[in-house]
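Every number in our numbering is 202 more than the matching position in the sequence shown, counting from 1.
Virtual Cβ for every residue (Gly too), placed ideally from N, Cα, C.
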Amino acid sequence: MIRVAIPRTLAWAFVAAWLVAGCAASPPFPIQPIEPRPGEFAALSSQRIERELGDRILALDPEHVSADDVAQVLAGAPAPRIMLIHGGVYPVYLAMTSFGTFLAGMGYPETRIRDPGNGDWSYSPYAYTPRLAGIAAWQYEQDAMRPMIVGHSQGGLYVVKVLRELAGVYRSSLAVWNPLTDAAEPRDTIVDPFSGSARPVIGLVVAYASALGAGGWSFILPNQWDDFPALRTIPDTVVEFTGFDIEFDPFAMTFPGTRFANPYVAAGTAKVRNVALPADTSHVLAPVTADLLQDPRLRAWIESYVPGRAPTPEDPPEAARGSTIWAADVWHSVKRHWVLELKRVVRAQRDLASGRRLEAAGLVNPSRAAGREGPRMTAHATAAPPGPSRR
C-alpha cells in the first residue's frame with residue numbers, strides 16, 4: 203500500500219486558498235464586451251497592440267519565454283482566457299484557487315483566469331458541459347485568442363468532455379454562452395475574429411488543454427458513464443493537449459494493466475503529450491501550488507523549465523515534487539500559447555491594416571471558418587443534463 207505524506211507547507215497553502223476563496227464573491231474587474239458583426243473585425247480592432255510592442259511579441263521564442271519576457275513584453279499585451287475546472291469533492295475547488303493564484307503570481311493577468319461573471323477562480327465538474335463550451339466560444343469571439351482549459355481530477359475528465367462537445371460528439375449544435383449573464387444566447391454561431399464571417403460553435407478549436415489525475419473513481423459518477431471508453435482520445439478541437447497521470451494513483455486508478463493507465467492519444471491533428479508524475483504526488487493537493495511563489499530558487503527553476511529537461515545537482519530539492527513539475531509544465535505551455543495567440547493577432551492586425559486578406563496570410567482556414575470542415579470524432583447522441591450549475 204502506498205502512503206502519501208502531505209507536506210506541512212501544502213496543508214497551510216490549502217488553508218490559505220480557503221481564505222482567498224472566501225473573498226471572491228464578486229468579480230473585481232470591469233468587463234466591456236464588444237458586439238461583433240459579420241463583415242467586421244471588431245475583436246481584432248479591440249486588441250490594441252502598438253507597433254513597438256507588436257515587434258517585440260513577434261521576436262519572442264514561444265519555447266523559451268523568460269521571466270523578463272513576461273514582465274516586459276507580455277504584461278503589456280492582451281491574454282487568452284484560461285478556464286480552470288476543479289475536482290469534484292468538496293472542498294477540492296480550493297486547490298484550483300491556489301493554482302490560479304500561482305498563475306497570477308507568475309505574471310498571468312488575474313482577470314483572464316477568474317470567471318468574468320462572478321469572479322470564481324474555477325468551474326465545477328458538475329456544470330453543464332455545453333455551458334463551458336459556449337463560454338469558450340464567447341471568449342474567442344470577444345478576444346480573437348483561443349482559450350486554454352486546465353482540469354484537475356474529475357475536472358480533468360470534464361476538460362476532455364468540453365473538447366468533445368466542441369467536436370460535435372453529443373449534439374449537432376451548441377449555443378454561445380455569455381458568462382456575464384450566465385445564460386445561453388439565442389444563437390449557435392459566432393463571428394470569427396479572423397474571417398469576419400459567421401461560423402458555428404461546433405468545430406471551435408482551443409489553444410491548449412490539460413488534465414491532471416483524470417479517471418478512476420470519477421467514472422462511478424453518472425455524469426461520466428457515457429464517456430467511459432472514450433475520454434483518453436483527444437479530438438481535433440485543441441491544438442495541444444497534455445495529460446498528467448500520477449503513478450499508482452489510487453484515486454485515478456492508474457495502476458499497470460488498467461485502462462486508466464492507458465496514454466492519451468490523438469483522434470487526428472491534436473498534439474498530445476503524456477507526463478507521468480511521481481507516485482508520492484498527492485492526487486488531492488497537487489494543484490496547491492501558490493506556495494511555490496515564495497521560494498526564489500524554486501521560482502527561478504519554474505521560470506526556466508522546459509518539458510523533458512534532465513534533473514541537475516543544482517536543482518532545488520522541491521523541483522522533484524510532482525506538484526512542482528505539473529505547475530512548471532503547465533506554466534510553460536501557458537506562456538507558449540500566450541505568445542502564439544498574440545503572434546496570430548499581431549500578424550492579422552497588420553494584414554488588415556495593409557488590406558491583405560487573412561485567408562491569403564494563412565491565418566484562416568476558410569472551410570473550417572465556414573463550418574464545412576468538422577473535427578475528427580465519431581458522434582453519438584446522449585441526453586443533455588438539465589440546467590446550468592456553478593460550483
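- Have a look at 368, 484, 480 and 493 and flag the residue whose alpha-carbon is nearest the alpha-carbon of residue 440. 368
- For residue 526, which option in 541, 478, 361 and 373 has the closest C-alpha, if you only look at C-alpha atoms? 478
- Quick one: using the 10 Å Cβ neighbour count with 16 as the cut-off for buried, is residue 231 buried or exposed? So residue 231 ends up on the exposed side.
- residue 305 and residue 351: beta carbons closer than 9 Å? no
- Query: How would you call residue 514, buried or exposed, if buried means at least 16 neighbouring beta carbons within 10 angstroms?
  - Reply: exposed
- Would you kindly work out how many angstroms separate the C-alpha atoms of residue 269 and residue 498, rounded to a whole number? 12 Å
- Message: Please list the terminal residues of the continuous alpha helix (DSSP H) segment that includes residue 358.
- Response: 356 to 368
- residue 409 and residue 435: beta carbons closer than 9 Å? no
- For residue 499, does the three-state DSSP call read helix, strand or coil? Residue 499: helix per DSSP, three-state reduction.
- Would DSSP call residue 236 helix, strand or coil? coil
- Item | C-alpha distance - residue 354 paired with residue 416, whole-angstrom precision | 7 Å
- Whole runs of the beta strand (DSSP E) within the stretch 249 to 329, excluding any shorter than 3 residues: Counting whole runs of 3 or more residues, the stretch 249 to 329 contains the beta strand (DSSP E) stretches 284 to 287.
- Message: Taking 9 Å as the threshold (C-beta atoms), are residue 283 and residue 347 in contact?
- Response: Their beta carbons are under 9 Å apart, which means residue 347 touches residue 283 by this criterion.
- Query: How would you write the range of the beta strand (DSSP E) that residue 442 sits in, first residue to last?
  - Reply: 440 to 448
- Query: Alpha carbon to alpha carbon, what distance is there between residue 235 and residue 333?
  - Reply: Straight-line measurement puts the Cα of residue 235 at about 18 Å from the Cα of residue 333.
- Message: Looking at residue 437: is its Cβ nearer than 9 Å to the Cβ of residue 501?
- Response: no
- Task: Pull up the distance between the alpha-carbon of residue 523 and that of residue 507, whole angstroms please.
- Result: Near 14 Å, if we compare the C-alpha coordinates of residue 507 and residue 523.
- Query: Leaving out the 5 sequence neighbours to the left and right, which residues in its chain are closer than 6 Å to residue 280 when beta-carbon positions are compared?
  - Reply: 249
- Task: Locate the beta strand (DSSP E) running through residue 527, then write down its first and last residues.
- Result: No beta strand (DSSP E) contains residue 527, which is instead part of the alpha helix (DSSP H) from 524 to 555.
- Tell me, please, which residues DSSP counts as bridged to residue 379. 386
- Mark residue 246 as exposed unless 16 or more other C-beta atoms lie within 10 angstroms of its C-beta, in which case mark it buried. buried
- Item | beta strand (DSSP E) segment containing residue 342, residue limits | From DSSP, residue 342 is part of no beta strand (DSSP E) but of the alpha helix (DSSP H) over 331 to 345.
- Pairwise C-alpha distance: residue 481 and residue 393: Answer to the nearest angstrom: the Cα atoms are 46 Å apart.
- Do you know how far the Cα of residue 516 is from the Cα of residue 251? 39 Å
- Task: Using beta-carbon positions only, say whether residue 276 and residue 494 come within less than 9 Å of one another.
- Result: no
- Any idea if residue 288 is buried or exposed, counting beta-carbon neighbours within 10 angstroms, 16 or more meaning buried? buried
- Query: What is the DSSP secondary structure of residue 469, reduced to helix, strand or coil?
  - Reply: coil
- For residue 435, the residue or residues it bridges with in DSSP: 467
- Closer than 6 Å by C-beta to residue 473: which residues in its own chain qualify, once you throw out the five before and the five after it? Chain order, please. 442
- Report all residues from its chain with a CB closer than 6 Å to the CB of residue 572; omit the five preceding and five following residues, and keep chain order. Only weak support is given to the placement of residue 572: the predicted model assigns it a pLDDT of 45, under 50, and the value that follows is read from those uncertain coordinates. Here the set comprises nothing.
- Message: If contacts are defined as beta-carbon pairs under 8 Å, then residue 324 and residue 299 qualify, I think. What distance do you get, rounded to the angstrom?
- Response: 7 Å
- Message: Just to check my reading of the structure: residue 376 and residue 336 have Cβ atoms closer than 8 Å, yes? What is that Cβ distance to the nearest angstrom?
- Response: At roughly 6 Å, the Cβ-Cβ gap stays under 8 Å, so residue 376 and residue 336 are in contact.
- Query: Is residue 504 helix, strand or coil by DSSP?
  - Reply: Of the three classes helix, strand and coil, the one that applies to residue 504 here is helix, per DSSP.
- Message: Let's test the definition: count the other Cβ atoms within 10 Å of the Cβ of residue 362 and tell me whether it reaches 16, buried, or not, exposed.
- Response: buried
- Is it the case that the Cβ atoms of residue 301 and residue 521 are separated by a distance below 9 Å? no
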